[in-house]
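One structure below.
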Amino acid sequence: MMKILPHLFAAIILSIIETSFFGSLYGIFRFTPFVLVISVYLVQHHAMKPAAFWMIMHGILLDITGSTVIPFVTLAFAGTAWIALVSAERLFSNRSFYGVAACTSLSFLTFEFISAILLSFSAFFQKQELYWGTFFDDAGGRFFTLLLFLFFLFSFAKQIRSLLIKLLLLPPSRQTY
1 MMKILPHLFA AIILSIIETS FFGSLYGIFR FTPFVLVISV YLVQHHAMKP AAFWMIMHGI
61 LLDITGSTVI PFVTLAFAGT AWIALVSAER LFSNRSFYGV AACTSLSFLT FEFISAILLS
121 FSAFFQKQEL YWGTFFDDAG GRFFTLLLFL FFLFSFAKQI RSLLIKLLLL PPSRQTY
């Protein structure tokens with residue numbers, strides 16, 4: 001049974017960290033998809049399915065605050081969460097970095113694809129020009145920082161698991177690696 005309050009609190013904290021800390025960094029590091037990486041990593045490597053909710057909650061918070069250029073970004077995060085859950089369960093192994101990286105990459109590509117569709121609809125209905133070069137440059141930077149941050153997370157898998165147990169987000173009996 002999912003304990004909603006710790007997950008709701010974690011989603012809000014992670015969303016604040018991405019929008020305030022990572023958003024203030026210089027260069028491509030400001031594009032780090034922190035919530036997406038953390039959520040997919042936990043879904044894939046630690047079999048923590050409620051972490052997919054964190055992405056959806058992040059999208060809701062971005063839509064409420066209006067701090068994104070993508071309209072209805074919650075839809076993109078919901079699609080990403082669904083792909084992460086399905087691919088973690090049926091496609092990729094959680095035993096190696098490559099399986100986790102493949103699941104995260106597929107989830108990221110899903111997010112970017114849905115975001116492109118949402119931006120296209122928004123540009124069409126608002127009669128605005130859409131700069132695809134900027135979109136793909138930002139996506140490339142986000143993908144690079146995604147893999148970099150994922151490699152960092154994977155290096156500390158045992159420490160992350162023990163922290164999740166202490167925070168009551170993961171049951172102590174679950175051993176996934």
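Numbering-wise, UniProt numbering puts 157 at position 157 of the sequence shown, and it's gapless, one number per residue.
The beta-carbon is built from N, C-alpha and C at its ideal position, and this holds for glycine as well.
Comparing C-alpha distances from H58 to each of L119, Q44, V37 shows the shortest one belongs to V37. Annotation for S67: T19 place their beta carbon closer than 8 angstroms to its own, counting only its chain and skipping 5 residues before and after. Using a C-beta cut-off of 8 angstroms, the stretch 75 to 85 makes contact with the stretch 48 to 65, since at least three inter-stretch Cβ pairs fall below that distance. For L8, the enclosing alpha helix (DSSP H) starts and ends at 4 to 16.
In the structure shown, L42 adopts helical secondary structure according to DSSP, grouped into three states. Between L130 and S39, the alpha-carbon positions lie close to 29 angstroms from each other. When C-alpha distances from E112 are compared across F21, F9, Y26, G141, the shortest belongs to G141. K49 carries a coil assignment under DSSP once its states are collapsed to helix, strand and coil. A check of alpha carbon separations from A123 across I70, K158, T104 identifies I70 as the nearest.
E129 carries a coil assignment under DSSP once its states are collapsed to helix, strand and coil.
For the pair H46 and L146, the CB atoms are not nearer than the 9 angstroms cut-off. If you check the CB distance, F143 and S105 come in under 9 angstroms. Residue state for F156 is assigned as coil, using DSSP reduced to three classes.
Rounded to the nearest whole angstrom, the C-alpha separation of A101 and L85 is 14 angstroms. Classified as exposed, Q159 has fewer than 16 neighbouring CB atoms from the shown chains inside 10 Å of its CB. S15 counts as buried, since at least 16 other C-beta atoms from the protein chains shown sit within 10 angstroms of its C-beta. Distance between L118 and L153, taken at the CA atoms: about 30 angstroms.
For F92, there is no enclosing alpha helix (DSSP H), as DSSP gives it neither H nor E. Sixteen is the threshold: since fewer than 16 other Cβ atoms of the shown chains lie within 10 Å of the Cβ of Y98, the residue is exposed.
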